[in-house]
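Written out below as structure tokens is the structure these notes cover.
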Amino acid sequence: MVKVKFKRRPNQRLKGSFSLKVAFFLLILVLLPAVIFGVGCNTDSNIQPDKPDVLPHILRRVEKPDVVSRLDYPKTEVPSELFIRTELRDGVFLGVKEDTKSIYAFELSDRTLKKLTEVKSEQKYINLLTIVSNSEWVVWVEDEAYTVSNKPFQWQIIAYNVATGEKIPVDESPFLAGNVPPNIRFNVPPHVNFSPDAIAISEENIIVYCMSNFENHTVFSELVKYCLNSRSRQVIARTGDVTQELIAECAIYGDNIVWSRFRILNDCFAYRFTRYKYSDLFKYNLKTGRTVQLTVDDFYHEPYIDKNKLVALYVTPNRSGQAAYNSEVVFMDLDDRQFKTVVHEDSPIYQRRESEMLRTMPRINSRYISWWFFRNRYVYDYRNNRFIELFDGIYETLNKDNAVVLDRLFDNHALFNVNFADGKTSKYLVTLQPENCTMPRERWLALYQEKASAYGHKETMEYGEAVAEYKAKIGYDTMINSAAALEILLPAGFYEVTSQVEIGPFLRSRNELSKQSGFNFADYMGKTVVLYTCSSETDDDLVLLIYAGKIIGAWKDSTGEDFHFIRIHTSIP
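Under the working numbering, read the sequence shown as residues 5 to 577, first letter to last.
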């Protein structure tokens, strides 16, 4: 078996680009308001800092998941100025640009970008965190704040019919001027927003959202259902004072609505690094009108649902010596209401134990589970119990301050952001192909060997003797069926850059490694050469460059990704 190698993923340092700010705001607005705002003790609270009584935990971890690599899935670059938030239909994605005044549609098949609609009120901005859609309607929150560091009081929810162009005001802020008596003063914690924190829509045209409301001097939160077909509004759940309870996350699929309810402010964070002591999950069925509590007196939140499958985050109790927040991705079949932990500190996608990691925004579709972190290139295939690497990690290998982030999972696509150290961002949609889902990571080199034949490369290689002699010389024991070779056209020089990728400097670094073995391929830049690689049970991958039957470059690759990276960023002659 080929050893799967993983690089350490250091924390991404936020730069000044709008895209990284968006990632940061996602963290602040989606997770921090309800979960980890603050790291000290709340001395104003009268609640005793006793530890919550936690039920016997459902920590049934998925057993021995595999790790496979599908770097061959098609990738399409997305306009960097577009911030995709939702999918209108398969292959058509919706998002905003930096001004957040209009919504644009990106057509994957021909890579066209067209304006779809704009804000209903010119004075307001689209809250990019709240854009959702089904095949008929696009829904969003418009508010008065352009920068999300401000807390807007004035907001409205708008539903846009794609076929007719009709815009429907669904709801508006109860805190509008004139609605609040002048003598009223509210006691609202800083982490509670006045505008909706979460919004979702089903294919049956049901919108659900979480919002703050008030009665007399008390601000409370509520979960609201709005039916676009009947134009009817219904409050599904309501809390008491937001200083002690909060509903801020929700999702819907078919007849089921799920949400999390945060409860009892934490006055000290010795037990969990969370703003509230508890977060319980609830499910409401539209047909029966029945509400079921899924968890009791623990900390599950950010639920998301697909058919009868639910994913959420579980915040673990602090372990001895733990200094930072830690969350795990969990998975539940609503038929048996039993959780399994999918992503945790010992998951095989991590090089070492990751017991202090902020995983957030779990998503699920008919095959995969995804989650957001500052660095993540994997989804979990829950049908086959395996993690699938969808994007090349070579960018992080080239520069430790680069970061590859799985931003969003759709039905048949995954959106990735490649955040470069210089503040630039490249965005790609990876097309998920179920017919190819059986190929393990150990066979990806064989895949390229097959592709090499398709490009006209012969199995009976003229350079076979030179390769065999070199392997014998260095004592390299090749694993069976691990070799791959391909003819490529090297760039003209060591300074060439393609699509923001410095392929020239990368090859220069590999030429320096080659010099250590007595090779120098500087004079062969711009020529057609053979790129060859193979694996070993006991050593790093071997990469060779061959010209006219002789080896001109040779180095060891500890990442297992050099062959793939060079193949992508050079042309086939």
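Cβ coordinates follow ideal geometry from the N, Cα and C atoms, glycine included. None of these values were measured; they are calculated from a predicted model.
For residue i, the three-state DSSP class (helix, strand or coil)
i    : result
K560 : strand
P193 : coil
F567 : helix
T134 : helix
E226 : strand
Y384 : strand
E306 : strand
A327 : coil
N46  : Residue placement at N46 cannot be trusted, given a pLDDT of 42 that sits under 50; what the coordinates show is reported in the next sentence. Correct three-state label for N46: coil.
T574 : coil
I203 : strand
Y399 : helix
A458 : Any reading at A458 must be qualified, since the residue scores a pLDDT of 37, below 50, and its modelled position is unreliable; the value itself is stated next. Reduced to three states, the DSSP call for A458 is helix.
I32  : Because the pLDDT at I32 is just 44, under 50, the model does not fix this residue reliably, and the value given afterwards should be weighed accordingly. Note: I32 maps to helix in three-state DSSP.
A526 : helix
L640 : The structure shown has nothing for residue 640, since the chain only spans 5 to 577.
H348 : coil
C272 : coil
Q238 : strand
E91  : strand
K531 : coil
D426 : coil
Residue closest to residue i, alpha-carbon to alpha-carbon, out of the options
i    : options                   : result
T134 : R115, I268, G99 and L269  : G99
R379 : Y372, F273, E358 and P78  : E358
D310 : P352, L232, A204 and G293 : A204
N524 : Y280, T537, F498 and D544 : F498
N165 : L232, Q520 and L419       : L232
F414 : T104, P509, V72 and R93   : R93
S264 : D301, G293, G258 and S234 : D301
V505 : S206, N330, W376 and I570 : I570
E85  : G95, V71 and Y108         : Y108
T243 : S234, N260, I268 and R235 : I268
S236 : L285, I261, I210 and M215 : I210
P69  : V347, M483, R412 and K281 : V347
E207 : E140, F303, T345 and A167 : E140
S324 : F273, V136, Q355 and Y282 : F273
V174 : G182, A163 and A167       : A163
A488 : E500, D385, G468 and S374 : G468
W144 : K118, A167, K105 and V239 : K105
A496 : H573, F157 and M215       : H573
K531 : L493, S518 and R512       : L493
N416 : L394, V408 and N423       : L394
C214 : T168, Q160 and N423       : Q160
F157 : G169, V192 and E170       : V192
R517 : E500, S125, I556 and E491 : Note on residue identity: the sequence assigns Leu, not Arg, to residue 517. Of the candidates E500, S125, I556 and E491, the one whose C-alpha sits nearest the C-alpha of L517 is I556.
Where the alpha helix (DSSP H) through residue i begins and ends
i    : result
Y474 : G468 to I478
L511 : I507 to K519
Residue-chain proximity (residue i, chain C), Cβ-Cβ < 8 Å
i    : result
L285 : Considering every chain present, this structure includes no chain C. It has just one protein chain.
Beta-carbon proximity check, residue i vs residue j, cutoff 8 Å
i    : j    : result
R367 : R387 : no
P307 : Y275 : no
L317 : M336 : no
S539 : S575 : no
Y536 : V471 : yes
K428 : F420 : no
L580 : A425 : Given that the chain is displayed from residue 5 to residue 577, the structure contains no residue 580 and the question cannot be resolved.
P178 : N217 : yes
Y480 : D543 : yes
N330 : N289 : no
W376 : V333 : no
Residue range of the beta strand (DSSP E) that includes residue i
i    : result
P173 : K171 to E176
D337 : S331 to D337
D545 : D545 to Y551
S139 : Where S139 is concerned, there is no enclosing beta strand (DSSP E), given that its DSSP letter is neither H nor E.
Y257 : E249 to Y257
E81  : K79 to V82
P366 : T364 to I368
N423 : H417 to N423
Q160 : W159 to N165
G293 : Note, G293: premise wrong, no beta strand (DSSP E); not H, not E.
S113 : No beta strand (DSSP E) contains S113, which DSSP labels as neither H nor E.
R390 : R390 to E393
Determine contact between the stretch 117-130 and the stretch 195-211, defined as no fewer than three beta-carbon pairs at a distance below 8 Å. no
Three CB pairs or more closer than 8 Å across the stretch 240-253 and the stretch 210-227: yes
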